[in-house]
Structure formats: structure tokens, C-alpha cells
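Below is one structure; the comments refer to it alone.
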Amino acid sequence: MKALRNYVIATYLVFWFMVLGLCGSASMVFHCPPVVMRILSNVCAWSPTIVLLAGFKYFVPGKSIREFYRKAFGGDFTSFSLAAACLLTLFATLISVFILSLIEGRAFSSYWSLGSYPLWASILFSITSGPTGEESGWRGFVRPRLNVRYGFFKASVIQGLIWAFWHTVLWFVDSDFFGWQMIPYVLSNVIVMTGLCFIMNFFMIKHDNLIYGIAVHFCFNFLYCFLKVDICFYIILSVIYIVLIAVLCLVKAKIKCVRSDIAQD
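At position 174 of the sequence shown the residue is numbered 173 (numbering that gives the first Met the number 0), and the sequence of numbers has no breaks.
Next comes the structure, spelled out in C-alpha cells:
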């Protein structure tokens with residue numbers, strides 16, 4: 000656990016340094032255009048992988064990088080389960096927008112915009128940021144070690160808290176919310192990221208394939224390229240993810256009971 004703790008600390012420090020140093024200098028000193036800032040933010044998202052690979056012999060002793068990734072992507076996966084994980088993630092965001100549209104009396108389509116980039120660029124930016132940059136560390140390295148020690152529920156919560164507070168610097172330098180709105184925004188970040196960890200963990204415990212983490216992360220990020228919402232959306236999204244966490248825990252417990260009954264028979 001010492002290596003795991005040191006990995007988390009190092010990843011926090013490297014990410015915060017990159018955001019404040021690299022992106023901060025590019026914005027405030029060199030006044031780089033938005034597309035350059037987006038590329039730099041994607042580079043920062045790779046800090047979990049950078050830290051893991053830089054200290055690989057310490058964090059994963061006795062294994063090569065090739066062996067690590069062979070294990071990370073070695074589990075089986077089915078098209079049905081992968082689609083289920085993706086649709087569950089997309090559903091949470093879409094149903095939140097739908098509920099918001101009912102509350103505010105606006106058309107569902109009014110919350111969406113094509114954004115600043117063409118579709119292909121949005122896809123490229125989305126897949127090359129957190130989904131491919133973070134998942135080697137958070138789900139490939141951290142997740143299985145927490146699961147072994149704490150089990151499904153507690154490990155998912157700890158993963159969510161670690162992952163959420165890693166984003167702390169972004170809450171203050173890359174957010175449209177200020178004042179009292181920061182409170183529900185931060186709470187929403189913690190709840191939603193924890194919920195995403197539950198979704199990832201639910202499928203990865205069975206399949207043990209990093210593709211699930213990458214796919215869920217991508218599906219969550221991609222919609223935000225086009226979404227234009229206020230703080231009310233994040234409050235609704237938090238409630239949806241609390242419900243999702245409860246449902247996943249109930250399903251997990253039901254599966255465990257069924258397997259126990261089968262084993263006894």
C-alpha cells in the first residue's frame with residue numbers, strides 16, 4: 000500500500016504542477032489560442048500514466064510494462080456488456096438533461112451546441128484526454144489493488160474520492176461557477192466521479208479489461224463537448240448517480256447471493 004499511496008501523491012503533484020505551470024504559463028504569459036490550450040490540457044490528463052511509467056519499477060516491481068498492459072487488457076469482454084456500460088453512462092447524462100428541460104420548460108435540444116470544433120476533433124480530443132491518459136493509472140494500477148484490500152463498495156468509494164480530488168485544481172481554474180455555486184458543483188464532481196468508478200468497477204470485476212474504463216470515461220467526457228448547462232444540471236446529475244450507485248450495489252449483492260446459492264447446491 001505504500002507504493003499505492005506514493006503513486007497517488009506523485010500523480011496529484013505532477014498534475015497540479017502541469018496545470019498551474021504548463022497551462023498557466025501558456026494562458027497568462029503566452030496567451031495561447033483555445034486549441035493550443037485544449038491540447039495542453041490533454042497533455043496534463045496523461046499525468047497518471049506519465050507517473051506510472053516513470054516509476055514503473057517501483058510501483059510494479061517484478062513486471063515489465065508489456066506484462067502490465069497485457070494483464071490490463073487481458074480480460075475478456077463482450078459487446079453486450081461493453082455496450083451496457085457505455086449506455087448506462089450516456090443515460091445518466093441524457094436523463095439529467097431531460098429532467099432539467101422539464102423543470103425549466105425548455106426544449107431538450109436547447110441544451111446542446113455543436114461546440115467550437117468539428118465532430119472529428121471533438122472525438123479526437125475526448126479520446127486522447129482522460130480515457131487514454133488517466134485509465135492506465137486509476138483503473139489499471141489503482142483499482143485492482145484497492146479491490147483486493149477493500150472489496151467492491153469501499154474500493155469504489157475510495158477510487159472515486161481519489162479521482163475526484165485529483166481534479167481539485169480544475170475546480171478553481173477551469174470552472175464557470177463561483178461563490179455558492181461552487182458547493183453543489185464540487186459535491187457533484189465527487190458524487191459523479193464516484194458513480195463512474197462504481198460503473199467501471201462493476202463491469203471490470205467480472206471482465207478485468209481496461210477497455211471498460213476507457214469506454215465509460217470517453218462516453219462521459221464526449222457529451223460535455225456539446226453540453227451547455229447551469230448548476231441545476233449538476234445537482235440533478237448527482238441525484239441520478241446516487242440512484243445508479245444504489246442500483247449497482249443491489250445488483251452486485253443479488254449476483255453474489257445467486258452465486259452463493261448455486262455453490263451450496
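In this text, a Cβ means the ideal position worked out from N, Cα and C, and glycines have one as well.
Boundaries of the alpha helix (DSSP H) harbouring THR88: 78-103, taken from the DSSP string. According to the DSSP assignment, GLY23 belongs to the alpha helix (DSSP H) that extends over 23-27. Here the segment 214-226 makes no contact with the segment 152-172; the two share fewer than three CB pairs at distances below 8 Å.
Per DSSP, CYS224 lies in no alpha helix (DSSP H) segment and is marked neither H nor E.
In the structure shown, TRP111 falls within a strand segment according to DSSP collapsed to helix, strand and coil. Judged by beta-carbon spacing, HIS216 lies within the 8 Å limit of PRO130, meaning their Cβ atoms are closer than that value. For ASN5, the secondary structure class from DSSP, reduced to helix, strand or coil, is helix. Assigned with DSSP and collapsed to three states, ASN208 falls in coil, not helix or strand. Here DSSP, grouped into helix, strand and coil, assigns VAL59 to coil. In this structure, THR48 places its C-beta atom within 8 Å of the C-beta atom of SER135. The beta carbon of ILE198 lies closer than 8 Å to those of ALA84, LEU87, THR88, VAL215, LEU243 and LEU247 in the same chain, with the five residues before and after it left out.
Straight across, the Cα-Cα distance linking MET17 with SER112 is about 29 Å. Between the beta-carbon of TYR184 and that of ILE230 there is about 6 Å, and that keeps the pair under the 8 Å contact cut. PHE151 is the residue among MET0, ASN188, SER237 and PHE151 whose C-alpha sits nearest the C-alpha of ALA252.
Counting along the chain, GLY129 sits inside the alpha helix (DSSP H) bounded by residues 129-132. CA-CA distance, SER109 to LEU12, rounds to 39 Å.
For HIS216, the secondary structure class from DSSP, reduced to helix, strand or coil, is helix. Rounded to whole angstroms, the gap between the alpha carbons of CYS218 and ILE98 is 20 Å. If the five residues before and after TRP45 are omitted, its C-beta is found closer than 6 Å to the C-beta atoms of GLY132, all from its own chain and listed in chain order.
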